[in-house]
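First residue of the sequence shown: 13, per my numbering; consecutive thereafter. C-beta atoms are modelled at their ideal positions from N, C-alpha and C, and glycine is treated no differently.
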Amino acid sequence: MKKAGDTIKVLYPKIIHVTCLAHGLHRVAEEVRVNYPKVDKLVSSVKQIFLKAPSRTILFKTVNPGIPLPPEPILTRWGTWIEATSYYSKYFSKIRDVVRQLDPIDAVSIKKTQILVN
Numbered sequence: 013m014k015k016a017g018d019t020i021k022v023l024y025p026k027i028i029h030v031t032c033l034a035h036g037l038h039r040v041a042e043e044v045r046v047n048y049p050k051v052d053k054l055v056s057s058v059k060q061i062f063l064k065a066p067s068r069t070i071l072f073k074t075v076n077p078g079i080p081l082p083p084e085p086i087l088t089r090w091g092t093w094i095e096a097t098s099y100y101s102k103y104f105s106k107i108r109d110v111v112r113q114l115d116p117i118d119a120v121s122i123k124k125t126q127i128l129v130n
């Protein structure tokens with residue numbers, strides 16, 4: 013869009029480029045994600061632990077009644093990663109307790125997560 017604006021600036025010399033607030037916030041969120049790779053790995057590996065694993069979700073709900081399952085952020089959906097990190101900030105100790113109960117032999121994601129939370 014910036015290039016298009018520069019091209020028509022010849023016809024409209026007073027035109028200015030204004031970034032959409034949503035796009036600007038998304039870029040900030042992406043920069044935060046890139047600058048915290050361990051947090052990004054934690055969010056990703058916990059998502060993998062509970063994705064399509066009914067026995068693990070039952071364990072989570074049994075150990076932590078009343079706490080929702082960790083969110084499943086989708087990078088193409090703006091804001092979902094930030095929402096997930098907010099959840100982890102609030103419930104980190106609860107997630108850590110459940111992850112420690114899991115057998116690292118069952119999945120690589122469990123082993124990765126156990127390393128990250130210790």
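(request) Note down, in chain order, each residue of its chain lying with its Cβ closer than 8 Å to the Cβ of K50, except the 5 sequence neighbours on either side. (result) For this step, residue 50 is matched to residue 38 along the sequence shown. Closer than 8 Å at Cβ, skipping near neighbours: L128.
(request) Using 10 angstroms around the beta-carbon of R68, count the other beta-carbons present and answer buried if the total reaches 16, otherwise exposed. (result) Position 56 of the sequence shown, counted from the first residue, corresponds to residue 68. Counting Cβ neighbours within 10 Å, R68 comes out buried, since at least 16 surround it.
(message) Under 8 Å: do the segment 75 to 82 and the segment 30 to 42 share three or more Cβ pairs, one atom per stretch?
(response) no
(message) With a threshold of 6 Å on Cβ separation, who are the neighbours of L114 within its own chain once the five nearest residues in sequence on each side are excluded?
(response) Position 102 of the sequence shown, counted from the first residue, corresponds to residue 114. Closer than 6 Å at Cβ, skipping near neighbours: I122.
(request) Leaving out five residues on either side along the sequence, give the residues of the same chain with a beta carbon under 8 Å from the beta carbon of V111. (result) Here residue 111 corresponds to residue number 99 of the sequence shown, with the count starting at 1. Excluding positions up to five away in sequence, the list reads V58, I61, I122, T125, Q126, V129.
(request) Find out if the Cβ-Cβ distance for the pair Y100, V55 is shorter than 8 Å. (result) In the sequence shown, counting from the first residue as 1, residue 100 sits at position 88. In the sequence shown, counting from the first residue as 1, residue 55 sits at position 43. Against a cut-off of 8 Å, the Cβ pair of V55 and Y100 comes out as a contact.
(request) Compare the C-alpha of G91 against each of I20, R45, I28, T19 and name the closest. (result) Your numbering for residue 91 matches position 79 in the sequence shown. Among I20, R45, I28, T19, the Cα nearest to that of G91 belongs to R45.
(request) Verify whether the separation of the beta carbon atoms of K102 and N76 is less than 8 Å. (result) By one-based count along the sequence shown, residue 102 stands at place 90. By one-based count along the sequence shown, residue 76 stands at place 64. No; because the gap between Cβ atoms is not below 8 Å, this pair is not in contact.
(message) Which of the three DSSP states is assigned to P49 in this structure?
(response) Sequence index remark: in the sequence shown, residue 49 carries index 37 (1-based). Looking at P49 - three-state DSSP - the assignment turns out to be helix.
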